[in-house]
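Visitor:
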Amino acid sequence: TRTSNGLGLSSPTDFSCILRLGFSQSRLRRIFLNATMVLQNDIDLLNPPAELEKRKHKLKRLVQSPNSFFMDVKCQGCFNITTVFSHSQTVVVCGNCQTVLCQPTGGKARLTEGCSFRKK
Numbered sequence: 001t002r003t004s005n006g007l008g009l010s011s012p013t014d015f016s017c018i019l020r021l022g023f024s025q026s027r028l029r030r031i032f033l034n035a036t037m038v039l040q041n042d043i044d045l046l047n048p049p050a051e052l053e054k055r056k057h058k059l060k061r062l063v064q065s066p067n068s069f070f071m072d073v074k075c076q077g078c079f080n081i082t083t084v085f086s087h088s089q090t091v092v093v094c095g096n097c098q099t100v101l102c103q104p105t106g107g108k109a110r111l112t113e114g115c116s117f118r119k120k
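Take the sequence shown: its position 40, counting from 1, is numbered 40 in the UniProt record's numbering, and each next residue is one higher.
Now the structure itself:
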């Protein structure tokens with residue numbers, strides 16, 4: 001039986017006999033990696049894996065969903081809980097002690113070290 005690598009190889013131990021045919025190590029590695037990769041055509045379109053859906057653009061997912069979320073951030077000094085948007089574009093400070101909780105970046109806001117959070 002022939003596998004998807006086109007050479008009828010089922011395991012890496014079969015490569016030893018192919019080495020004598022003149023294939024380079026890099027070519028054999030590429031052939032074996034292609035045989036073990038999941039192709040886009042091999043995926044159930046109605047039940048895609050969560051990891052694959054997370055990598056897709058927010059509008060191209062099976063069910064459109066945003067990348068952003070709200071989270072509760074606990075201040076490391078006074079343990080006060082503040083609700084923060086994940087993609088906040090302004091500096092968020094604690095209401096009690098005026099400690100900086102997160103700073104904006106180009107995308108998601110960066111939490112200050114020591115702050116704990118949970119998604120809402």
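From the three backbone atoms N, C-alpha and C, an ideal C-beta is built for every residue, glycine too. Predicted model only: the values in this text are computed from it and were never measured.
Count the other CB atoms within 10 Å of the CB of alanine 109; is the residue buried (16 or more) or exposed (fewer)?
Guide: Here residue 109 is taken as the residue at index 109 of the sequence shown, counted from 1. So alanine 109 ends up on the buried side.
Visitor: Please classify valine 92 as buried or exposed, where buried requires at least 16 other C-beta atoms within 10 Å of its C-beta.
Guide: Within the sequence shown, the letter at position 92 stands for residue 92. So valine 92 counts as buried.
Visitor: Between the Cα of glutamine 76 and those of Arg30, Ser26, Ser24 and Glu113, spot the shortest distance and give me the residue it belongs to.
Guide: Residue mapping note: residue 76 aligns to position 76 of the sequence shown, counting from 1. Out of Arg30, Ser26, Ser24 and Glu113, Glu113 has the C-alpha closest to the C-alpha of glutamine 76.
Visitor: When DSSP labels each residue in this structure, what does arginine 118 get in the three-state scheme?
Guide: For this step, residue 118 is matched to residue 118 along the sequence shown. Strand, per DSSP.
Visitor: Assuming leucine 101 is part of the beta strand (DSSP E), what are its boundary residues?
Guide: Along the sequence shown, one-based indexing puts residue 101 at 101. Its beta strand (DSSP E) spans residues 100-103.
Visitor: Give the straight-line distance between the Cα atoms of asparagine 60 and cysteine 97, rounded to the nearest whole angstrom.
Guide: Residue 60 sits at position 60 when you count from the first residue of the sequence shown. Residue 97 sits at position 97 when you count from the first residue of the sequence shown. Residue identity check: residue 60 is lysine in the sequence provided, not asparagine. Straight-line measurement puts the Cα of cysteine 97 at about 42 angstroms from the Cα of lysine 60.
Visitor: How long is the line joining the alpha carbons of threonine 1 and lysine 56, rounded to whole angstroms?
Guide: Sequence index remark: in the sequence shown, residue 1 carries index 1 (1-based). Sequence index remark: in the sequence shown, residue 56 carries index 56 (1-based). Unreliable placement is indicated for threonine 1, whose pLDDT of 44 sits below 50; no coordinate value is reported for it.
Visitor: So what's threonine 3 in DSSP terms, helix, strand or just coil?
Guide: For the purposes of this step, residue 3 is identified with residue 3 of the sequence shown, where counting begins at 1. With a pLDDT of only 49 at threonine 3, under 50, the local geometry of the prediction cannot be trusted, and no value is derived from it.
Visitor: Using a threshold of 9 angstroms, state whether the C-beta atoms of phenylalanine 117 and valine 84 are closer than that.
Guide: Position 117 of the sequence shown, counted from the first residue, corresponds to residue 117. Position 84 of the sequence shown, counted from the first residue, corresponds to residue 84. Yes, these two residues count as a Cβ contact at 9 angstroms.
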